[in-house]
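A.B. asks: Before anything else, here's the structure in question.
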Amino acid sequence: SLGFYLSPIIEYRNARLGEYVVIPEVFPNTGKNWILSDLQWQANTIFNLGAEAGLDFRNISFFTKALFGLPGEVGSMTDEDFILFHMEEYYASLKSEYIYSRSSISLDSFYSFLLGFLWKPRLSFEKNSFGLGTSFEWRSMQLTSTGGIQYMYLHDGTDAYVGETALSGKGITYKQNILLCWLDASFSLDVTKNITADFIFSYSPFWYGEGYDRHHHRSLDFLDIVEGHRAFKLASHFTLQAREHIIWGLSLNYLSVPM
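To convert, note that position 93 of the sequence shown is 111 in my numbering; the numbers rise steadily by one, no gaps.
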């Protein structure tokens with residue numbers, strides 16, 4: 019048998035991205051590495067539009083999915099800079115500084131493309147079905163911080179507060195590109211005659227990522243390249259057969275890409 023489907027997608031996404039700059043040297047006083055910078059991007063209201071298409075041939079399914087983000091304000095970003103925080107161990111005359119800022123962030127662009135296949139073995143004793151497959155996914159997202167307030171402290175033994183500065187214009191633009199290779203395992207369950215639930219676990223033993231920073235106030239650019247780390251994804255899909263050719267669906271997904 020041969021089957022084809024095409025489904026529109028409306029997606030709401032909540033995303034958190036942590037970006038750290040670490041100097042890999044252990045300092046005697048703290049016993050820890052020097053964290054130079056800690057940026058936390060919290061995007062609470064990202065909306066995506068897209069479509070998914072699939073081709074089913076016997077017990078093999080081929081599928082593809084494309085998503086595009088809607089630009090606009092999506093959340094906030096905090097930026098902590100630990101300038102010279104440990105360097106007084108080498109230069110006693112230098113006073114270390116701590117800078118904290120909070121800004122609004124906007125989604126400039128987001129798109130995701132996925133291509134894969136799933137094989138479902140036929141088992142005579144099995145009422146429900148499970149599947150094994152693989153997929154490839156390319157994700158790209160760009161965020162920009164604007165405005166906000168910056169606070170500066172001097173570390174002279176008293177953590178003396180120095181001042182507050184209002185920020186204007188663009189602060190930091192961050193773009194992330196990730197290529198993932200997924201190993202997928204799925205399990206389908208017929209809840210009722212018209213309701214089906216699918217549960218999918220995906221594991222990526224290898225992925226390649228690039229992170230690009232543009233600091234507008236200082237006109238500085240940074241490029242980070244990461245490869246070889248693991249990632250995993252959990253997904254659950256629920257479908258309701260409303261009419262003969264009309265199916266409603268709800269999906270819940272969780273994605274973790276540690277660096």
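We treat Cβ as the ideally placed atom computed from N, Cα and C, and that holds for glycine.
Is the number of C-beta pairs between the stretch 69–84 and the stretch 30–40 that are closer than 8 Å three or more?
C.D. replies: no
A.B. asks: For my contact list, E98 and S55 are in at a C-beta cut-off of 8 Å; report their separation, rounded to the angstrom.
C.D. replies: 7 Å
A.B. asks: Can you tell me whether A33 is helix, strand or coil according to DSSP?
C.D. replies: strand
A.B. asks: Our contact map puts G87 next to Y129 with C-beta atoms below 8 Å; I'd like the distance itself, whole angstroms only.
C.D. replies: Contact holds; Cβ gap of about 7 Å.
A.B. asks: Using C-beta distances below 6 Å, list every residue in its chain close to Q194, excluding the 5 sequence neighbours before and after it, in chain order.
C.D. replies: M159 and G229
A.B. asks: Just tell me which of E91, I265 and Y192 has its CA closest to the CA of N32.
C.D. replies: E91
A.B. asks: Check whether the stretch 226–240 touches the stretch 253–260, taking contact to mean three or more Cβ pairs, one atom from each stretch, closer than 8 Å.
C.D. replies: no
A.B. asks: Out of curiosity, what's the CA-to-CA distance linking G165 and T152?
C.D. replies: 43 Å
A.B. asks: Where does the unbroken beta strand (DSSP E) through N271 begin, and where does it stop?
C.D. replies: I265 to S274
A.B. asks: DSSP state of E262, grouped into three classes?
C.D. replies: Per DSSP, reduced to three states, the secondary structure at E262 is coil, with no helix or strand assignment.
A.B. asks: Can you tell me the Cα-Cα spacing of S274 and P223, whole angstroms?
C.D. replies: 13 Å
A.B. asks: Within 10 angstroms of the Cβ of Y30, are there 16 or more other Cβ atoms? Answer buried if so, exposed if not.
C.D. replies: exposed
A.B. asks: Can you check which of these residues, Y226, K138 and A249, is closest to D242 by C-alpha distance?
C.D. replies: Y226
A.B. asks: May I have the straight-line CA-CA distance separating K211 from F100, to the nearest angstrom?
C.D. replies: 59 Å
A.B. asks: Going by beta carbon distance, what residues of the same chain come within less than 7 Å of P26, once the five residues before and after it are set aside?
C.D. replies: Closer than 7 Å at Cβ, skipping near neighbours: A69.
A.B. asks: Are S121 and L185 close, meaning C-beta to C-beta below 8 Å?
C.D. replies: If you check the CB distance, S121 and L185 come in under 8 Å.
A.B. asks: Please name the residue, chosen from D126, F217, F81 and I190, that lies closest to D208 on a Cα-to-Cα basis.
C.D. replies: F217
A.B. asks: If we ignore side chains and look at the alpha-carbon of each, how far apart do F81 and I265 end up?
C.D. replies: 17 Å
A.B. asks: Can you tell me whether W137 is buried or exposed, with buried defined as 16 or more other CB within 10 angstroms of its CB?
C.D. replies: Looking at its Cβ environment, which holds fewer than 16 other Cβ atoms inside 10 Å, W137 is exposed.
A.B. asks: Return the Cβ separation of L73 and F154 in integer angstroms, given the expectation that the two are a contact with Cβ distance under 8 Å.
C.D. replies: Contact flag wrong, Cβ pair sits at about 17 Å.
A.B. asks: Measure the CB-CB distance between T162 and D126 and report whether it falls below 8 Å.
C.D. replies: Contact: yes.
A.B. asks: Report yes if the C-beta distance between Q168 and T183 is below 8 Å; otherwise report no.
C.D. replies: yes
A.B. asks: From H263 to L201, what distance separates their C-alpha atoms?
C.D. replies: The straight-line gap from Cα to Cα measures roughly 31 Å.
A.B. asks: Cutting at 6 Å between CB atoms, please list the residues of its own chain near F131, excluding the five before and the five after it.
C.D. replies: For F131, where only same-chain residues beyond five positions count, the Cβ hits under 6 Å are A84 and W156.
A.B. asks: Report the three-state DSSP secondary structure of V209 (helix, strand or coil).
C.D. replies: In this structure, DSSP gives V209 a state outside helix and strand, which the three-state scheme calls coil.
A.B. asks: What three-state label does DSSP hand Y108 in the structure shown?
C.D. replies: Because the pLDDT at Y108 is just 43, under 50, the model does not fix this residue reliably, and the point stays unresolved.
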